[in-house]
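K.L.:
Questions regarding the structure given below will be posed in turn.
2 protein chains.
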Amino acid sequence: MPTHYTGTAQQTLALNTFIKLNRACDSLNARLAARNTHPGLSVSQFSVLEALLHLGPMCQRELGSKLLKSNANITLVIDNLEKLHLVKREINPDDRRKFQISLTNAGRDLISSIFPKHVEAIVAELSVLEPTEQQLLGDLCRKLGKSSQE
Amino acid sequence: MPTHYTGTAQQTLALNTFIKLNRACDSLNARLAARNTHPGLSVSQFSVLEALLHLGPMCQRELGSKLLKSNANITLVIDNLEKLHLVKREINPDDRRKFQISLTNAGRDLISSIFPKHVEAIVAELSVLEPTEQQLLGDLCRKLGKSSQE
DNA sequence: ATCTAATAGTTCGATATCGAAATAATACTA
DNA sequence: TAGTATTATTTCGATATCGAACTATTAGAT
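Here the protein sequences line up with chains F and R, keeping their order. One point on numbering: in numbering that gives the first Met the number 0, the residue at position 26 of the first sequence is 25, and numbering is uninterrupted. One point on numbering: in numbering that gives the first Met the number 0, the residue at position 107 of the second sequence is 106, and numbering is uninterrupted.
In structure tokens, the structure reads:
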């Protein structure tokens, strides 16, 4: 569904690229969600658990910057994960403004058990692209994504 | 920020591609939002107005399928746009289950006036990629996005 | 013509998401 | 060291977003 806007060639190209990028992302995520690879967890909850599993404990602000979410949002997501007993908040004694967020045993077990299915779903959905195409897409996205910084 | 997951080469590639795609999309949209090219409107509201401007009046379900949103969501967004007097609901006499959603004059004036700024912001943000790279990115996204259909 | 599908939209309850304002703790500065 | 600025988190109010259950209308089937 390209745009119906009529502008210069440069504008049309940029706009169509923008639209296709967003649609690819949205529809890919919708297809992944439909595969139900993280039952009982929201996407945000899943992302937080995954970050904690693979990157280790960190404070909320770090989580927010890794996941590109606001502090307010992270507060809520951690609240909900805490209610589910999947993560815990611990005051950082070195800086009492911070909470150290880490996985509980239950959280670690859960994310460890569902992550492989998530990976398989991604592999399956991305299989419409050859490995070289995936690499190329990743490179272009990287270039576009970090116009700001890492 | 590539994954720290250790799987097969195929898994690692797919996962990294997936992460880069999502990050590119999120960070691009955040940078566009920071440019404040659609003041007073949410992204969803903007998208609906834009679809109506460029594609013409349509019913809610059509809007949802163009924008990849649920019916419930479209109902709310249209409610809010209606309160702002930017769109109107009119019963379709041929099928009274449907509302025909169209821009009011105020809505048309507004979206017409801000859309060019939006395009310029996209052109500026995408300028880190050469035209051929934008084309390539768009092609790869198209291929990935329509694993299902149109 | 009646009964059943399917379709369009709404409502509900939960979670997400943001920006702005508020609070608490730490760092910096004069 | 007192005073200010910065940082981490929370709270608030608004909008977004989904799936599921519901209502109303239309389409299809016998």
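Every residue, glycine too, gets a C-beta built ideally from N, C-alpha and C.
Is Arg95(R) helix, strand or coil when you go by DSSP?
P.N.:
Along the second sequence, read from residue 1 onward, the residue named residue 95(R) stands at position 96. Note: Arg95(R) maps to coil in three-state DSSP.
K.L.:
Would you check if there are 3 or more beta carbon pairs closer than 8 Å linking the stretch 70 to 80 of chain F to the stretch 38 to 56 of chain F?
P.N.:
Verdict: yes, contact present.
K.L.:
Please identify the residue among Asn21(F), Leu85(F), Gln10(F) and Cys58(F) whose C-alpha is closest to the C-alpha of Ile73(F).
P.N.:
Walking along the first sequence from the start, residue 73(F) turns up at place 74. The residue with the shortest Cα to Cα distance from Ile73(F) is Cys58(F).
K.L.:
Could you tell me the boundaries of the beta strand (DSSP E) in which Val86(R) lies?
P.N.:
On the second sequence, position 87 is the one that residue 86(R) refers to. Segment Val86 to Ile90, the beta strand (DSSP E) holding Val86(R).
K.L.:
Please confirm if Cys58(F) has its CB atom under 7 Å from at least one CB of chain R.
P.N.:
In the first sequence, the residue the question calls residue 58(F) occupies position 59. Output row for Cys58(F): interface = no.
K.L.:
DSSP beta-bridge partners for Leu54(R)?
P.N.:
Counted from its first residue, the second sequence places residue 54(R) at position 55. DSSP output for Leu54(R) lists no bridge partner at all.
K.L.:
If you draw a straight line from the alpha carbon of Ser111(F) to that of Lys87(R), how long is it in whole angstroms?
P.N.:
In the first sequence, counting from the first residue as 1, residue 111(F) sits at position 112. In the second sequence, counting from the first residue as 1, residue 87(R) sits at position 88. Spanning the two alpha carbons is a distance of roughly 49 Å.
K.L.:
Listing by chain order, which chain F residues have their CB less than 7 Å from the CB of Thr36(R)?
P.N.:
Within the second sequence, residue 36(R) is the residue found at index 37, counting from 1. Residues of chain F passing the Cβ test: none, with the nearest at roughly 12 Å.
K.L.:
In the structure shown, what three-state DSSP assignment does Ser126(R) receive?
P.N.:
If you number the second sequence from 1, residue 126(R) lands on position 127. Coil.
K.L.:
State the DSSP-derived secondary structure class of Ser69(R), mapped to helix, strand or coil.
P.N.:
As a first step, residue 69(R) must be located in the second sequence, where it is residue number 70. DSSP places Ser69(R) in coil when its eight states are reduced to three.
K.L.:
Ile100(R) CB to nearest chain F CB: under 7 Å?
P.N.:
On the second sequence, position 101 is the one that residue 100(R) refers to. No, because no Cβ of chain F sits closer than 7 Å to the Cβ of Ile100(R).
K.L.:
Which first and last residues belong to the alpha helix (DSSP H) in which Arg30(R) is found?
P.N.:
Counting from 1 along the second sequence, the entry for residue 30(R) is found at position 31. Residues Ala8 to Ala33.
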